[in-house]
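Novice:
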Amino acid sequence: MKIILHPQRRNEPLTLTKAGDVLTFNGEAFDFSALPAGATLPSDAISSDWITGKVERDEAGVLIVPVALPHGPTAPEATRFPAPLENVPDGTVALPIYDNPAEEPQA
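Residue numbers for the sequence shown follow UniProt numbering, beginning at 1 and rising by one.
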């Protein structure tokens, strides 16, 4: 699985877990196991504020999911400009930190 992170300023942090082709966003599960290789699930077929676009499974069978990455007002650069997460293992997904509480928000 490849997760493409789209940073967004939000007040609600995200807890994301993965079990096979099931992603769970703050307790709400989405199962993409029925999506065959080479297929695309359009964003309007997915009712979630956490999934930011179409979900695809490439010809090699890799599931590609665009996910909103919420962050606080003083989020570090690694959170505001994240790299995609590739070969994501099952369990809690290690996301960039939500905020850097040691810094004051910039005006």
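Ideal Cβ placement from N, Cα and C applies to all residues, glycine included.
Note that the structure is predicted; figures quoted are calculated from it, not measured.
Kindly indicate which three-state DSSP category Glu-86 falls into: helix, strand or coil?
Specialist: As a position in the sequence shown, residue 86 is number 86, starting the count at 1. Correct three-state label for Glu-86: strand.
Novice: Let me check one thing: in DSSP terms, what residues is Val-67 bridge-paired to?
Specialist: On the sequence shown, position 67 is the one that residue 67 refers to. Paired residue(s): Leu-5, Ile-51.
Novice: Starting from Ala-78, trace the alpha helix (DSSP H) both ways and give me its first and last residue.
Specialist: Here residue 78 refers to the residue found at position 78 of the sequence shown. Residues 77–80.
Novice: Let's test the definition: count the other Cβ atoms within 10 Å of the Cβ of Val-93 and tell me whether it reaches 16, buried, or not, exposed.
Specialist: Walking along the sequence shown from the start, residue 93 turns up at place 93. Buried, by the Cβ-count rule.
Novice: Based on the DSSP output, what are the partners of Leu-41 in its beta bridges?
Specialist: By one-based count along the sequence shown, residue 41 stands at place 41. Its beta-bridge partners are Val-55.
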